[in-house]
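Trainee: For reference, the structure I am asking about is given below.
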Amino acid sequence: MPTDFTKFPFPGIGNPQAPSLTEAITWEPSDSGFIVVMIKTDDSDKFVGAVREFAKSLRSDAPSNGFIEVLAFRHLHREEMGGAMPFDQAICETMLKDADRHLEKDPDRFPALKAALKVAEGANPGADWILLLEYKDCEQAKIAVDAFTSKQSGFSFLTQNSTTQSVNLFKNTNRYAHVVRDPSVIHFFNLFPGPGDPEGLWPQWQAALPWFFEVGEFRSSLPLVALDAKQQYIVVNYAHLDSVKHFFLGAFYDPTYLETIKKCYSDHGFTLPLPFFCKIVPV
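Laid out in C-alpha cells, this is it:
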C-alpha cells in the first residue's frame, strides 16, 4: 500500500529544504538512546506524584548523566477516546458497545477488539503508565538502565510506588514528523514483545506503516529498535492521532488490516504488538 505523506497536516518539518514534503517530514536517526519504562500500579491516578518526583530527580543530575527529557503517559480513559475531535466520542462509544458482538462473529479480529475493550475498561494488561526517557547517546541510556535495575536511589520513587516495572533500551531508527505534546490528542505506543530479531522486525514494521497512516489516521511516528534482543520489547513505535475512531473503524471493518498484520508479522513469526492508547501527563 503506497503512502502519500503530503496529504497530512504534519505539525513538524524536520528538513524544510527537502525537495518534497514526504522527504521533509522524515528525520534521520539520531545518536540518542531511549528508555521505555512500563509500570503497573495499585492506584494509577495517585501515581503521578511519584512520576513527578522521579522526573525532578533525573533533571537534577542531567549535566552529568546525559539525560535530555522524560515524557510520561497514563492509560487512556474511556471518555477520552474522541481526543482532539470530541464529536468522535459517540462513534467510539458505539463501536465499543458492538465489540463483543464483533468478537463472537469474527474471532480473527481479536487483536483490534482486545485493544478496544481495554480502552473501555480503562486498563491495560501491560501497564498503567509508560515513561519515555531520552539520553544523549545509547551508552548513557544503558548506564541509566543499569541504575534502574539495581534500584539505585534516583529510581526509588517509581519502585516504591508501583507493583511491577519493565525497563527496555532502544535506539532511534527514524521518525516521521514530530510527535506533538498537545494534551488533547491521543498518544499511542505499539510494543512488540520479544524474544526475537529486532533488525528483522524493523523492515516488517516499515511495510505495515502505510496502513496506520492511510487508514488509522496516525499523524506521526517515532520507531525505536531494541539494543538488546533479549529484553521484553524489541520494537516500539510512539505516535499520536487525533482520536481512536479511525483506527478502530479500520481495524474492525477494513479487510486490509488483517491482511497487513498477517503478511508483515504473523507470517514471519513475530508476536503481535501490545497497543497502548494514552494521554500525556505534564511532569
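Using my numbering, you'd call the opening residue of the sequence shown number -11 and step up by one each time.
Glycine included, C-beta positions come from ideal geometry on N, C-alpha and C.
Since the structure is predicted, the reported quantities are computational estimates derived from the model, not experimental observations.
Nearest by alpha-carbon distance to F206: which of Q220, V167, G184 and Q219 is it?
Mentor: V167
Trainee: Along the chain, where does the alpha helix (DSSP H) that runs through E81 open and close?
Mentor: Q77 to K85
Trainee: Using three-state DSSP, classify N149 as helix, strand or coil.
Mentor: Note: N149 maps to coil in three-state DSSP.
Trainee: Suppose you measure from the CA of A217 to the CA of F75; what does that come to, to the nearest Å?
Mentor: Each residue's alpha carbon lies about 42 Å from the other.
Trainee: Applying the criterion that 16 or more other CB atoms from any shown protein chain within 10 Å of the CB defines a buried residue, is K233 buried or exposed?
Mentor: buried
Trainee: Taking a contact to mean a Cβ-Cβ separation below 8 Å, would you say S254 touches A227 in this structure?
Mentor: no
Trainee: Hey, is the stretch 112 to 125 in contact with the stretch 253 to 271, meaning 3+ C-beta pairs nearer than 8 Å?
Mentor: yes
Trainee: Find the nearest neighbour of Q192 within the set V58, H256 and F143, judged by alpha-carbon distance.
Mentor: H256
Trainee: Taking just the CA atoms, how far does T147 sit from F240?
Mentor: 38 Å
Trainee: Looking at C-beta atoms only, is the number of pairs between the stretch 154 to 169 and the stretch 19 to 29 that lie closer than 8 Å three or more?
Mentor: yes
Trainee: Three Cβ pairs or more, each shorter than 8 Å: is that satisfied between the stretch 126 to 133 and the stretch 64 to 82?
Mentor: no
Trainee: If you draw a straight line from the alpha carbon of K28 to that of A38, how long is it in whole angstroms?
Mentor: 13 Å
Trainee: Where does H65 sit, in a helix, a strand or coil, going by DSSP?
Mentor: coil
Trainee: Excluding the five sequence neighbours on either side, which residues of its own chain have a C-beta within less than 7 Å of the C-beta of E298, listed in chain order?
Mentor: Because the chain is modelled from -11 through 271, residue 298 falls outside the range shown and cannot be assessed.
Trainee: Measure the alpha-carbon distance for E109 versus N225 and round it to whole angstroms.
Mentor: 23 Å
Trainee: Determine, using beta carbons only, whether F136 and F145 come nearer to each other than 8 Å.
Mentor: It is not a contact, given that the beta carbons lie outside the stated cut-off.
Trainee: Given this structure, state the Cα-to-Cα distance separating S231 from P113, to the nearest angstrom.
Mentor: 21 Å
Trainee: Write down every uninterrupted run of the alpha helix (DSSP H) in the stretch 194 to 259 whose length is 4 residues or greater and which is fully enclosed by it, in chain order.
Mentor: 233 to 241 and 243 to 252
Trainee: From M73, L105 and Q194, pick the residue whose C-alpha is nearest to that of K85; which is it?
Mentor: L105
Trainee: Please identify the residue among H90, N160 and P198 whose C-alpha is closest to the C-alpha of L212.
Mentor: N160
Trainee: Give a yes or no on whether the C-beta atoms belonging to A111 and H63 are separated by under 8 Å.
Mentor: yes
Trainee: For the putative contact between Y245 and W199, defined by C-beta atoms under 8 Å, what is the C-beta separation to the nearest angstrom?
Mentor: The Cβ separation is near 7 Å, so the contact holds.
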